[in-house]
Every structure is written in structure tokens, then in C-alpha cells.
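Asks:
The structure is reproduced here in C-alpha cells:
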């Protein structure tokens, strides 16, 4: 006999359950995104369903502005807010190591900036102790400030830990919310949904809501700049690693070399995107999402923006006396970004991707419900 | 002075305002509600019934004018005006391009409403998304909008509109469109209209209002008293059976109980009173509000068993759930022995057939009155469920009589600058009964006519 553990819903999960029972009897929002068609395949909403649907929600705001039951209606339906409150809770619940899950609640703007500042200061002081903080003789060679081995030795474990922590988290999520066997078509669709940010298109291609009930593609576009900018920066690092270890070509590279071009394009994209997202975050309608999470959002966006800005400054100032200082600051910021990566806003990407994969699989199956026409 | 004054803030008013504005008139729209409650009943709507002679974007197959007209004729029992009905039907075949221009987006039928895939175009995001889009478009076009501006009376001069009063404030305009809704939220008026029944009850006291609390009919009453030509019966309305626990106002779509055809419905005496399986639910849902209004206490209970679960739209509130019929009766507060006797009689009368909820199947009762003509299966599989039902009024049909010009009439003479649209005149087309999406078709067609005529009226008198 199989024992099914009864897990009671948290306050936020219970709110999602309450709201979805209203939504399931209404269904007007079915065309906006995947959450509502996924909802209509269910009559009851258990803990796992709620976790899945909360992570499927992109917090676009369309269903709030279109809702006949939104506040001040006595039903007080606010789907994006209820989903956001559960979402951050799922990140914490599935976090590895579990004790660090609490960081999601504390990972705000101040903490991010403090970590970045402290690490930068530490590196600046370390360089200063060597007396090489303000030198013209470096010739753009980072490794004369920080030897290659030291940089690799610092960043590899931090990056590897971030990957491991997020992988364990999303693995636990998938164990709770099993997506089922993956077909090639479902995997391709989920990938496309992630890469295109399909569900920020509002269902009509005109985008989502930001400050009011007007639709705009701004968030989708700024997010693309951010995401692809980040990927280009990452690609720059990968290519440089290949150059270093594969071909024995040592940095610094020419301005027109592949790592430099990728890094510059990525840095510019990341700056534009994160600045745009920060603006949208600051001007967002007060009822959108969970206001308590805005510090976490801003902490992550600020680190992305700072990483891009310091990276570009470093590129511009590579042949000046400021090289060592700029490098120390940039490395400090990047280090802070990766240290906080698994316990901050970045997590939304991996959990959302897992939820989208589940949706791509689920929607290919025939619904068990045979609802008659009403 | 503004050219065209629009009184009201729902679909018909917004269509009138947009039409007047696009004809070049300056427009002021007065919405009685505050901004967050704007739009009258329109935020609760979801689709538009559309004529089409070939598949159109979100609409499959065809829905020709004649079929639409026959549907309307059937539900109204002939209490309609063929000329105006056909005008609405024809307008519904072309209005969506215009709606799209002002930001309304469409989608195919929602899950659970697939029977309308051919006849009804659904608004993406529902009626509130439509209302938001129209208000945005009006703002872009430079119309003025005032919220919390209920008009309580007009100044008329021999059938001509002069000014409207919001409290003591007098607002003049060259022409005016009345689109301020029916009187469904005016409890006193409903009480007076429905009167007292033989048992001494005031049935309307037990009605719930599915839509806005702002449709109090103040302007409609003013116009009737001012001698405008009136059409319709004040007890006629779009009324459906809704969950008795629904809020008094604005319960909207989600309070509907769609389990009726899958079980039986009993009144306060634990007796059945109507054929639950007479026809498909979409063709019958609109009569059940009235049926329940005629029962003692204006209440009834939809009773189903486990076999029905998953076959109807999930209700917003959980039903009473019991392991046995006597227990269910106790939970519902019904006489236990009478309830069980009714169920036993019904169960015994169910003829064996092959159940199919998607066709008018052969599962029917024999030897009981009223019969259940289709989908009659014994209610014998626990758990059993019960949902208390009340009449839910969507909108009333008493209104101002119009012709194709949407002009308000006094003794048969059309006003030169006063027009009417929406629920305030829908009774011309809908004398009784209802079919999904036709209210929005009427509001859109006559809203646009009223707005355009109002804009034209200014030029004629310039």
C-alpha cells in the first residue's frame, strides 16, 4: 500500500487555491497565457499543482487588469500576486542546501550591493597591497594584476556551486511536479517558449501590462536584451577559455577578436536590458506581483547592470592607469553576481523553464475532464 | 459646450462615444461609477453573437442571418422587432473590424463553452479587457471622461435635449446619448415590478444581481416620467440560476451552476418542478432564473451524484457533499422523508438508455411529472452533492422604444438630438428570453448608431 503524505497548504498556497477555484469557474483569461489552459485541466488544486502553476505564471499582469473580480471586488482576485507569493516560497522550499533557502527572502538590493562592494573593496585592497593599483605599465594585461590561475581558482568553484545549487533545486521541483516523459516536440516547444518569452506577448502579440492596462512589449524586449546580453558575455568567457586552454592563446585579446566582440556586444545588451527592466520595476503598477519581492528583483537587476557597466568601463580603460582598479571592481561585482545567483531572482529562469516543459508535455495529452458545454 | 454628451460608461456608451468622436464631434462621457467599477455590466460579458457567411478568424463554419433571426425569434417567443433585430444581426457581421481598431481582441470559444464556437466571438480577456481597450481608445481620441458622475435628470425642451444634471451641476450639450443601463440594481423598482405572489412573498427581494450595483434606472425612470415612448415588461430580464451564496452584486459569470441537466432540481418542498433535461443547457440556462423566481421562497437546489463530477463547469463555491441522500437533505435543510421520496420516485422512473451528454440522448423518465426528457440517470452513486440556487438578474428589458435611428421618441415623434443605446433599449429586440452574446451585439450596433446620429444631429442644427 502506498502512503500518500498529506501536506497542508501554506497561507499563500491556500490563496492560490482559492483564487483558482474562482478562475476555473470563469476562464475569461484563457487566451492570455499557459496558466489558465493548464488550470482548466484540473478541478482541484493540490500543493504540487499550485507550485507548478505558480512557476508557469510570468507575472505579466494581463489577467489582473482584465479581471472582473480584482480588488475592490469582494472576491479580491489577484492571480499574479498570489502566484508570485507562492513562487518565491517554492524557490526557498526546493533550495539546496535547504538552510540557504531563507536567503531568497533577504536577498535584496542592499545585500547585493553590499556583497559587490565588499568583494570589490577586498580585491582593490589586495591589489593595492602589491602596489600595482595605479600603474600604466600593465599594457592591458589582466593577468599581471590577478594571475590567470587565481582568477580561475576563484570563479570556477563559485560558478560550479551556483550551477549545482540550482540544479538540485529544480530537480527537487521536478520530483514534486513530475513533468512526465519528454518528447522531442515538447522539449522543442518549451525551449522556444523560453527563448522567445512567448508568454510575455499577452496572447495577442501586443505584450503585457506594466504601469496600467495598456499593453507593451517593453518587458519582453528588455528581458531579451538582458538574457541574450548575459549569454553573449558567457559565450565570451567560454571562447576565451577555449583560446587559453585549447590553443594556448593568452589574453589580452585584440579589440576585434571574438571574445572581445562577444563581450562588448553582451555588455551593451546587458546594460540596456537591465536598465530597462529596472525602470519597469520601479514604475510597475502597485498591484502587480508581490511587492515584498521587489528588493530581490532589484538586487539582481542592479548586479547585472553593474557587472555590465564595470565590464564596459574596464574594456574602455584597459590601457590606462585605472586598469587594476577597474578590474578589481569588475571582478568583485561579477563575483557577487555569481555568489547570489542561486538564491535570488535568477532562480525564476530555471523554475519557469521546468514549468514550461511540463506544460508542453501536459498539453499534448488528452484532458481527463469531459466538461459538457455550459 | 460639448457636442455630444454620453450618459453611461458600459459597452453601448463607449461605442457611442467612439462613433461620435470619429465623426468629429467633441465628446464628454459621464460614468456614474468610480473608475475601478466602470463599465456597467460589460466587464462581466465575454462574447458577441456574430452573423457570418463563411468561417472568420475565431469563428468556425457559418451562422447566416436567417438562422440567427430564427434563434432570436425562438428565445423571445416572437416578442421582438424583426426590422431592428435584423439590423443588429447584420451589424454583428461587420462590427468586429471596427472593434479591433479600438483595441478589442478576439479568441475562439473558451473551454467549457465550445457550443458557441460557431456563433460567438469571445473577447480575449473578457469584457473588462474590452472596456479597458475602449476607454484607452477614447482617451487617445481626446474624449473627456468623468467618473462618479451619475446623471439624475435631464432638461428637455419639447423632445429636444438641452442639458443633464449631475446633482446640481448643469451640463449642456448639443446632442446626447442615453446608455445608462437597465434598472436591475434598483431593489425597490424590482420589488414593485414583481409585486407580491399568492403566498404573500415579494419574490424580487430574493433576487441576486449578477452585474453592477450602479444600474439603478434613475434615468430610465426619468424618461418614462418625461413621457418618452416605452417598450417592454418590467418583470422581463435576462435571468439565470446562480449559486445562492453569490454576492448581492457583481457575482458575474462564475456564480452560475451548470449541473442542472446532469441531475434534478428540487424546490423548498423537496419537489421537482421542471424538466431538467428538456434541451441542451446553453439553450435552457436562461429560463431557470425565472423558474426559480416562481418557486416558494425563490430558492431551489441542484442535486447530483458522483457520476456528474467532471462533466460540468466547476462551480465557484463547493457544494454540500454527503454520503447518503438523507444526510444531504439534512445538510440542505430540506424535509428528509419528502426529499428521499422524490429521489426514489425519480430514480425508479429513469429508463435505461445510453447516456451521452453531447446529444439529446435516450435516458428519460417514465411515469413522473414533470418528466426529465434526457440525461436522466438514477441519482444513486455517493457522494451526493447539492447546490442552492437563486434567481440571478443580468439585466432588465424595460426600455425606451426606438426605430433604426436610435432616437428617443415622444408620442411616436423622434427627438432630433436625444438617442438611446444598450440595455435602455435592448427590450426592442429582446422582449423576453436570452441567447448568449446578443446583449453585446445590440449594444455595439445601437451604440454606434446612436453616437453617429448624435454627431450628425449637431451638424444639422449648427
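Residue numbers (this note's numbering), protein chains in the order written: chain A, 8 to 381; chain B, 2 to 463.
Cβ atoms here follow ideal geometry from the backbone N, Cα and C, with glycine treated the same way.
All values derive from a computational prediction rather than experimental measurement.
In the DSSP assignment, what are the bridge partners of residue 275 of chain A?
Replies: In DSSP, residue 275 of chain A forms no bridge with anything.
Asks: So, is residue 252 of chain A buried or exposed, given that buried needs 16 or more other C-beta atoms within 10 angstroms?
Replies: Residue 252 of chain A comes out exposed.
Asks: Taking Cβ positions only, does residue 311 of chain B come closer than 8 Å to chain A?
Replies: So, interface residue.
Asks: What's the call for residue 46 of chain A, buried or exposed, on a 16-neighbour Cβ count within 10 Å?
Replies: Flag for residue 46 of chain A reads buried.
Asks: Which runs of the alpha helix (DSSP H) fall wholly inside the stretch 99-172 of chain B and span at least 4 residues, in chain order?
Replies: Here the runs fully enclosed are 128-141.
Asks: Here's the rule: buried if 16 or more other CB atoms are within 10 angstroms of the residue's CB, otherwise exposed. What is residue 254 of chain A?
Replies: When all chains shown are included, residue 254 of chain A counts as exposed.
Asks: Output, in chain order, the set of chain B residues within a Cβ distance shorter than 8 Å of residue 37 of chain A.
Replies: Within 8 Å Cβ-Cβ: 108, 111, 112.
Asks: Is the CB-CB distance between residue 49 of chain B and residue 122 of chain B below 8 Å?
Replies: In contact: residue 49 of chain B and residue 122 of chain B (Cβ atoms closer than 8 Å).
Asks: So residue 414 of chain B and residue 160 of chain B are supposed to be a Cβ contact under 8 Å. How far apart are they, rounded?
Replies: Right, the Cβ-Cβ distance comes to about 6 Å (below 8 Å), so this counts as a contact.
Asks: Keeping to the same chain, check which residues put their C-beta closer than 8 Å to that of residue 180 of chain A; ignore five residues upstream and five downstream.
Replies: Around residue 180 of chain A: 58, 62, 97, 101, 358, 361.
Asks: Touching or not, the stretch 133-153 of chain B and the stretch 330-346 of chain A, by the rule of three or more beta carbon pairs under 8 Å?
Replies: The stretch 133-153 of chain B vs the stretch 330-346 of chain A: no contact.
Asks: Quick check on residue 255 of chain B: does DSSP put it in helix, strand or coil?
Replies: It is helical.
Asks: Work out the CA separation of residue 284 of chain A and residue 260 of chain A for me, nearest whole Å.
Replies: Going by the C-alpha atoms only, they are around 31 Å apart.
Asks: Check whether the Cβ of residue 293 of chain A lies closer than 8 Å to any Cβ atom in chain B.
Replies: No, because no Cβ of chain B sits closer than 8 Å to the Cβ of residue 293 of chain A.
Asks: If you draw a straight line from the alpha carbon of residue 280 of chain A to that of residue 159 of chain A, how long is it in whole angstroms?
Replies: Each residue's Cα considered, the two are about 28 Å apart.
Asks: Between A:352, A:38, A:276, A:67, which has its C-alpha nearest residue 204 of chain A's C-alpha?
Replies: Nearest option by C-alpha distance: A:67.
Asks: So, is the C-beta of residue 210 of chain A closer than 8 Å to a C-beta in chain B?
Replies: Answer yes: the Cβ-Cβ gap between residue 210 of chain A and chain B drops below 8 Å somewhere.
Asks: For chain B, find out if any of its Cβ atoms is closer than 8 Å to the Cβ of residue 41 of chain A; answer yes or no.
Replies: Closer than 8 Å: no.
Asks: Between the C-alpha atoms of residue 386 of chain A and residue 65 of chain A, what's the straight-line distance to the nearest angstrom?
Replies: The shown model of chain A, from 8 to 381, leaves out residue 386 of chain A, and the question about it has no answer.
Asks: Any idea what DSSP makes of residue 9 of chain B, helix, strand or coil?
Replies: Reduced to three states, the DSSP call for residue 9 of chain B is coil.
Asks: Mind checking whether the beta-carbon of residue 52 of chain B lies closer than 7 Å to any heavy atom of the ligand NAD?
Replies: The ligand NAD is absent from the structure shown, which contains no ligand whatsoever.
Asks: Would you kindly work out how many angstroms separate the C-alpha atoms of residue 28 of chain B and residue 217 of chain A, rounded to a whole number?
Replies: When rounded, the distance between both Cα atoms is 28 Å.
Asks: For residue 29 of chain A, which residues in chain B fall below 8 Å Cβ to Cβ?
Replies: Under the 8 Å cutoff, chain B gives 255, 317.
Asks: So, for residue 185 of chain B: in the same chain, excluding its five sequence neighbours on each side, which residues have a beta-carbon less than 6 Å away from its beta-carbon?
Replies: Within the same chain, residue 185 of chain B has close Cβ partners 210, 216, 394, 396, 397.
Asks: Would residue 14 of chain B count as contacting chain A if we go by Cβ distances under 8 Å?
Replies: False, the Cβ-Cβ gap to chain A never drops below 8 Å.
Asks: According to the Cβ coordinates, are residue 476 of chain B and residue 236 of chain B closer than 8 Å?
Replies: Given a span of 2 to 463 for chain B in the structure shown, any question on residue 476 of chain B remains unanswerable.
Asks: At the level of alpha carbons, what is the spacing between residue 380 of chain A and residue 50 of chain A?
Replies: In this predicted model, residue 380 of chain A has a pLDDT of only 42, less than 50, meaning its place in the structure is not dependable; the value taken from the coordinates is given anyway. Roughly 16 Å separates the two Cα atoms.
Asks: Take the Cβ of residue 71 of chain B as the centre, count every other Cβ of all protein chains shown within 10 Å, and call the residue buried at 16 or more, exposed below.
Replies: So residue 71 of chain B ends up on the exposed side.
Asks: With 16 as the cutoff for other CB atoms within 10 Å, does residue 2 of chain B come out buried or exposed?
Replies: Looking at its Cβ environment, which holds fewer than 16 other Cβ atoms inside 10 Å, residue 2 of chain B is exposed.
Asks: Is DSSP giving residue 182 of chain A helix, strand or coil here?
Replies: If DSSP states are grouped into helix, strand and coil, residue 182 of chain A belongs with the helices.
Asks: Thinking residue 34 of chain A and residue 111 of chain B are a contact (beta carbons under 8 Å), I'd like their distance in whole angstroms, please.
Replies: Yes, they are in contact, since the Cβ atoms of residue 34 of chain A and residue 111 of chain B sit about 5 Å apart, within 8 Å.
Asks: Starting from residue 215 of chain A, follow its DSSP beta bridges and name the residues at the other end.
Replies: Bridge partners of residue 215 of chain A: A:223.
Asks: Going along chain B, which residues have a C-beta under 7 Å from residue 79 of chain A?
Replies: The contacting residues are 37.
Asks: What number of angstroms, rounded off, separates the C-alpha of residue 178 of chain B from the C-alpha of residue 275 of chain B?
Replies: Taking the straight line from one Cα to the other gives about 42 Å.
Asks: Do the CB positions of residue 336 of chain A and residue 310 of chain A come within less than 8 Å of each other?
Replies: No; because the gap between Cβ atoms is not below 8 Å, this pair is not in contact.
Asks: Roughly how many angstroms separate the alpha carbons of residue 197 of chain A and residue 42 of chain A, rounded to a whole number?
Replies: Whole-angstrom Cα-Cα distance: 14 Å.
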